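Colleague:
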Amino acid sequence: MSAVTELARPVDDNSRENWDGGANTGHPVRPGELDLSHNVILYLDDISVSFDGFRALNKLSLTIDAGELRCIIGPNGAGKTTMMDVITGKTRPDSGKAYFGQTLDLTRMTEPQIAHAGIGRKFQKPTIFEHHTAFENLELAMKADKRVRRSLFAALSDDERDRIAGVLRRIRLDREADRLAGLLSHGQKQWLEIGMLLMQEPRLLLLDEPVAGMTDDETERTAELFVSLAGSHSLMVVEHDMAFVEALGGKVTVLCEGSVLAEGDLATVQADPRVIEVYLGR
Ligand code: ADP
Ligand code: MG
């Protein structure tokens, strides 16, 4: 049976709570669930995508480990957003492999199936509910979670309140819980949207230019948030702000013309003559 057919089956509500992806205890991994047995959460191999003959991705290969915080940099048009579109099922590659863990073939899953399997994506423009409070936004995100079949009107349990409070603390909005989201600062809105993603307990977070438009202070706090999420989550962060990339401290992948140009710690890739050329050659 294919991963797609398996995923179409309902997943029981508690199944994700006590489950370690088979990484540590040798638990058998249920069909349709994330298998991290080789410590790899994302595996892209030889991915190509063309738009009207133009190669946006050109034999792109990239691997992200479980718990890793990876930064993706590269000039405009390098294919960074297209890569995220492939990972989330929005764009189908013309060729190549894309796996979530060992077994989930992303090229054969729909966008909702991929989200359900544990990949959360934050777009540049926040999609929060401005006329609801920060708390209610997280509540709505939790209740909209397809894995949890419950009514939008059902009262919250104590556990659910605690979960929301925990996420509010994590995104530094605990003191803004009762504020209308529309009244939050730009940076706070971005954090709220990250909180909405976290309510769905994603294993891999894709963040496209998350600190664009933020103040320096908000940017610094966002770096701290991402560093704190790494380990229990894997993150792929596309960003132009080099101070932010440096603060994240993870491995950096440089994309150029649809493939990987260089990879390593920030200082190493910044010293790479090929990287200097694509940035200076613009
Ligand atoms: P980046 O995010 O690195 O700036 P993108 O992935 O957005 O780059 O774009 C890569 C290239 O693919 C660009 O030249 C862009 O114009 C092109 N492209 C992206 N999406 C589409 C699309 N849907 N149709 C046509 N061309 C596209
Ligand atoms: Mg982009």
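Going by my numbering, the first residue of the sequence shown is number 28, and it counts up by one from there.
Glycine residues also receive a C-beta, built at the ideal position from the N, C-alpha and C atoms.
These figures come from a predicted structure and were not determined experimentally.
1) Using only the heavy atoms of the ligand MG, determine whether one of them is closer than 7 Å to the beta carbon of K149.
2) Note down, in chain order, each residue of its chain lying with its Cβ closer than 6 Å to the Cβ of N66, except the 5 sequence neighbours on either side.
3) Whose C-alpha, out of T134, A182, L96, is nearest the C-alpha of F271?
4) State yes or no: is the C-beta of H267 within less than 8 Å of the C-beta of I114?
5) In three-state DSSP terms, what is M111?
6) With a threshold of 7 Å, establish whether the CB of T118 neighbours any heavy atom of the ligand MG.
7) Taking 7 Å as the cut-off, is the CB of N103 close to at least one heavy atom of the ligand PLP?
8) Quick one: residues in its chain with C-beta nearer than 8 Å to the C-beta of P153, no 5 flanking neighbours on either side, listed in chain order?
9) Going by beta-carbon coordinates alone, are L293 and M263 separated by less than 8 Å?
10) Roughly how many angstroms separate the alpha carbons of A298 and E273, rounded to a whole number?
11) Under DSSP, the beta strand (DSSP E) around N238 begins and ends at which residues?
12) Does the beta carbon of V281 come closer than 8 Å to any beta carbon on chain D?
13) Please identify the residue among H158, I191, K149 whose C-alpha is closest to the C-alpha of E166.
14) I need the DSSP call for G285, collapsed to helix, strand or coil.
15) Tell me whether G49 is buried or exposed, calling it buried when 16 or more other Cβ atoms sit within 10 Å of its Cβ.
Modeller: In brief:
1) no
2) Take N66, set aside five residues on each side of it, and the residues of its chain with a beta-carbon closer than 6 Å to its own are D92, A93, in chain order.
3) L96
4) no
5) Taken through DSSP and simplified to helix, strand or coil, M111 comes out as helix.
6) no
7) Ligands in the displayed structure: the ligand ADP and the ligand MG; the ligand PLP is not one of them.
8) K216, Q217, L219, E220
9) no
10) 14 Å
11) In the sequence under discussion, the amino acid at residue 238 is Val, which differs from the Asn named in the question. Note, V238: premise wrong, no beta strand (DSSP E); not H, not E.
12) Checking the listed chains, one finds no chain D in this structure; it contains a single protein chain.
13) I191
14) coil
15) Confidence at G49 is low in this model, with a pLDDT of 40, below 50, so its placement is unreliable and no value can be given for it.
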